[in-house]
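> In this text, residue positions in the sequence shown follow this note's numbering: the first is 9, and each later residue adds one.
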Amino acid sequence: MSYLVSIVGRPNVGKSTLFNRIIGKKKAIVHVKSGVTRDRIYGNSEWNGIQFSIVDTGGYNPPNNNIDIIDTEIRKQILIALKESDVILFLVDMEIGLLDVDIEISKILRKCKKSILLVVNKVDNGKNLYHDTDFFRLGFNNYYCISAINGSGTGEMLDRLIEILKELVEKKVEEIGDIPRFSVIGRPNVGKSTLINSFLDKYRHIVTNISGTTRDSIDVFYKKFGYKCILFDTPGVRKKSKISENIEFYSTMKTVRTIKYTDICFLMVDAVRGWESQDRNIFRLIEKNQKGVIILINKWDLLHNNKNCSIKKNFEIFIKKNIAPFDNVPILFISAKNKDGLYNIIPIAYHIFRKRKKRLKTNLLNRVMFPIFKKNPPPSINKKLITIKYCTQLPTYTPKFIFFSNYPQYIKESYKRFIENKIRYHFDFIGVPIQIFFRKK
9 MSYLVSIVGR PNVGKSTLFN RIIGKKKAIV HVKSGVTRDR IYGNSEWNGI
59 QFSIVDTGGY NPPNNNIDII DTEIRKQILI ALKESDVILF LVDMEIGLLD
109 VDIEISKILR KCKKSILLVV NKVDNGKNLY HDTDFFRLGF NNYYCISAIN
159 GSGTGEMLDR LIEILKELVE KKVEEIGDIP RFSVIGRPNV GKSTLINSFL
209 DKYRHIVTNI SGTTRDSIDV FYKKFGYKCI LFDTPGVRKK SKISENIEFY
259 STMKTVRTIK YTDICFLMVD AVRGWESQDR NIFRLIEKNQ KGVIILINKW
309 DLLHNNKNCS IKKNFEIFIK KNIAPFDNVP ILFISAKNKD GLYNIIPIAY
359 HIFRKRKKRL KTNLLNRVMF PIFKKNPPPS INKKLITIKY CTQLPTYTPK
409 FIFFSNYPQY IKESYKRFIE NKIRYHFDFI GVPIQIFFRK K
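(1) Residues bridged to N52 by DSSP?
(2) Which of helix, strand or coil does DSSP assign to D209?
(3) Roughly how many whole angstroms lie between the Cα atoms of I410 and R362?
(4) Taking the alpha helix (DSSP H) that I193 belongs to, which residues open and close that run?
(5) Inspect the beta-carbon positions of M165 and K130 and report whether they are closer than 8 Å.
(6) With DSSP collapsed to three states, give me the class of G300.
(7) Let me make sure I understand the geometry here. Which of I272, I187 and N306 has the alpha-carbon closest to that of R230?
(8) Under the rule that 16 or more other beta-carbon atoms within 10 Å means buried, what is V280, buried or exposed?
(9) Drop a sphere of 10 angstroms on the beta-carbon of S422, count the other beta-carbons inside from all chains shown, and report buried for 16 or more, exposed for fewer.
(10) Could you spell out the range, first to last residue, of the beta strand (DSSP E) harbouring R447?
(11) Determine, using beta carbons only, whether R189 and Y269 come nearer to each other than 8 Å.
(12) Should L340 and V301 be called a contact, given that it needs their Cβ atoms to be closer than 8 Å?
(13) Return the residue from the list C273, K449, V198 and L87 that minimises the CA-CA distance to I356.
(14) Tell me the DSSP secondary structure of D224 in three-state form.
(15) The alpha helix (DSSP H) spanning V109 covers which residue range?
(16) When you compare each of K307, T263, W308 and G282 to I290 by their alpha carbons, which one comes out closest?
(17) What residue range is occupied by the uninterrupted beta strand (DSSP E) comprising N414?
(18) Quick check on L146: does DSSP put it in helix, strand or coil?
(19) Please identify the residue among F412, K122 and R18 whose C-alpha is closest to the C-alpha of V128.
(20) Leaving aside the five residues before and after S114 along the sequence, list all residues of the same chain whose C-beta is less than 6 Å from its C-beta, in chain order.
(21) Classify T270 as helix, strand or coil using the three-state DSSP reduction.
(22) Give a yes or no on whether the C-beta atoms belonging to S93 and V192 are separated by under 8 Å.
(23) Evaluate the contact criterion for the stretch 412-421 versus the stretch 319-327: three or more CB pairs, one atom per stretch, below 8 Å.
(24) Spell out the partners DSSP gives Y11 in its beta bridges.
(25) Between the C-alpha atoms of Y405 and K296, what's the straight-line distance to the nearest angstrom?
(26) By Cβ distance below 6 Å, which residues in the same chain neighbour K392 in space, the five residues on each side in sequence not counted?
(27) Which same chain residues, not among the five before or five after L106, have their C-beta less than 8 Å away from its C-beta?
(28) To the nearest angstrom, how far is it from the Cα of I218 to the Cα of T242?
(29) Could you have a look at A36 and say whether DSSP puts it in helix, strand or coil?
This is the structure in structure tokens:
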């Protein structure tokens, strides 16, 4: 699962500089003038093999009698960030020292009951280390002295951050165990909550015609017909240009994090609106995170002539053309409201879940694939005969295969897709993203 880390502090303590250093690029504006960051800015980072999302918040100014609309909005965004975060980096300034606003922020943070790392910034030389005892007044046992501008001390801080995230991962795995995790993903108002209610035969989630009713990722336990799993209902994913509210921004981020945490995604599409660009974007996000996927065409009962096989077939052909080359995906036509076609979903998801964890023996893989290489070898380039000598599956959580060749650099993308399709066909990797790599033998 990808966790969310927020950087919090008063204005001009170096939050944006630290944010840019952690994500490895200049995304947030850095200026000596305070209050430059007003909107939330987020990015992705990785440290010691652990991925996480990070948010740069605006500088916190305490409320006062002189009403400042911008400061009020920034405070709202910060409070939302605190609520949604798993770990908080509380940044203070060594050069200025401890201020009353730092003490006020520390009091707010303690109420959140989240993991908090106190980070003392602008420690640009060793002499400053002996003048930081004031920060003990904030009540944190440990803190990390860094220089966001040159990077000193950030490694130790990130090491501790990753330790906390690993503890959270282990705790979550211990709570859920090896039960499959299935999430319902899609644009707003496609019927995600209705589907969950129909699965459970309970009116558990609020359903309205107003898009955006679901604001959070909600998980429920499902146990029926010999299957058990965790079902996640997620907020609708809008285009970035249409995300205006702070809450909706974090709702979208929660959906992205749920995709990273889940095993199989049920991508719901509105049959009346049809397959749109945002559906394709969500599909690519699922594929990028190497998750199993089932496409559910919901509200099929609302279409005229919905029993016409040619209409259904054309719909399916159009979608597969849009998601190629990963087009070996189950497409089911359902009505979540009327419960039509629902009882095939969980068994198919279980099948994909097992295939996603499948490990092929090397001798079996080579025995099946070598006749294919012999009959359809890679196209030669510059009179160089390209051969594939050996292949094996890598010991990873999701299916990844490595092929050893005399000239791997000349193997074209089209041949790579050809091999991928053959592996899917012979080993039944339906709905499972697989990765293929070529290496020099």
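All C-beta atoms in this analysis are idealised placements derived from N, C-alpha and C, irrespective of residue type, glycine included.
Let's see:
(1) Here residue 52 refers to the residue found at position 44 when the sequence shown is read from its first residue. In DSSP, N52 forms a bridge with S61.
(2) For this step, residue 209 is matched to residue 201 along the sequence shown. Three-state DSSP puts D209 in coil, outside helix and strand.
(3) In the sequence shown, the residue the question calls residue 410 occupies position 402. In the sequence shown, the residue the question calls residue 362 occupies position 354. For I410 and R362, the distance between alpha carbons rounds to 21 Å.
(4) In the sequence shown, residue 193 corresponds to position 185, counting from 1. Unbroken run through I193 is the beta strand (DSSP E), R189 to G194; no alpha helix (DSSP H).
(5) As a position in the sequence shown, residue 165 is number 157, starting the count at 1. As a position in the sequence shown, residue 130 is number 122, starting the count at 1. In this structure, K130 does not lie closer than 8 Å to M165 by Cβ.
(6) Along the sequence shown, read from residue 1 onward, the residue named residue 300 stands at position 292. Strand.
(7) As a working mapping, residue 230 is identified with position 222 in the sequence shown. One detail in the question is off: residue 230 reads as Tyr in this sequence, not Arg. When only C-alpha atoms are compared, the closest one is I187.
(8) Locating residue 280 in the sequence shown gives position 272, where the first residue counts as 1. That one is exposed.
(9) The sequence position of residue 422 within the sequence shown is 414, counting from 1. Exposed is the call here.
(10) Here residue 447 is taken as the residue at index 439 of the sequence shown, counted from 1. It spans Q443 to K448 - the beta strand (DSSP E) in which R447 sits, taken as one unbroken run.
(11) As a first step, residue 189 is located in the sequence shown; it is residue number 181 there, counting from the start. As a first step, residue 269 is located in the sequence shown; it is residue number 261 there, counting from the start. A contact, by the Cβ cut-off of 8 Å.
(12) In the sequence shown, residue 340 corresponds to position 332, counting from 1. In the sequence shown, residue 301 corresponds to position 293, counting from 1. No.
(13) Within the sequence shown, numbered from 1, the residue matching residue 356 stands at position 348. Nearest of C273, K449, V198 and L87 to I356, Cα basis: C273.
(14) Within the sequence shown, residue 224 is the residue found at index 216, counting from 1. Reliability of the predicted coordinates at D224 is poor, the pLDDT of 44 falling under 50, and no value is obtained from them.
(15) Walking along the sequence shown from the start, residue 109 turns up at place 101. D108 to C120 is the span of the alpha helix (DSSP H), which, as asked, contains V109.
(16) Here residue 290 refers to the residue found at position 282 when the sequence shown is read from its first residue. Among K307, T263, W308 and G282, the Cα nearest to that of I290 is on T263.
(17) On the sequence shown, position 406 is the one that residue 414 refers to. From DSSP, N414 is part of no beta strand (DSSP E); its letter is neither H nor E.
(18) Stepping through the sequence shown from its first residue, residue 146 is reached at position 138. DSSP places L146 in helix when its eight states are reduced to three.
(19) For the purposes of this step, residue 128 is taken as the residue at position 120 of the sequence shown. That would be R18, whose Cα lies nearest to the Cα of V128.
(20) Along the sequence shown, read from residue 1 onward, the residue named residue 114 stands at position 106. Around S114: L146.
(21) Position 262 of the sequence shown, counted from the start, is the residue given in the question as residue 270. In the structure shown, T270 sits in coil (DSSP, three-state: anything other than H, G, I, E or B).
(22) Residue 93 sits at position 85 when you count from the first residue of the sequence shown. Residue 192 sits at position 184 when you count from the first residue of the sequence shown. No; because the gap between Cβ atoms is not below 8 Å, this pair is not in contact.
(23) no
(24) Here residue 11 refers to the residue found at position 3 of the sequence shown. Y11 is bridged to F60.
(25) If you number the sequence shown from 1, residue 405 lands on position 397. If you number the sequence shown from 1, residue 296 lands on position 288. Near 15 Å, if we compare the C-alpha coordinates of K296 and Y405.
(26) Translated into positions along the sequence shown, residue 392 becomes position 384. The residues are Y415.
(27) Position 98 of the sequence shown, counted from the first residue, corresponds to residue 106. So the qualifying residues of the chain are V100, D142, F143, R145 and L146.
(28) Translated into the one-based positions of the sequence shown, residue 218 becomes position 210. Translated into the one-based positions of the sequence shown, residue 242 becomes position 234. Reliability fails at I218, whose pLDDT of 39 lies under 50, so the model's placement of it is uncertain and no value is given.
(29) Counted from its first residue, the sequence shown places residue 36 at position 28. Annotation note: pLDDT 48 at A36 (below 50); position unreliable, no value reported.
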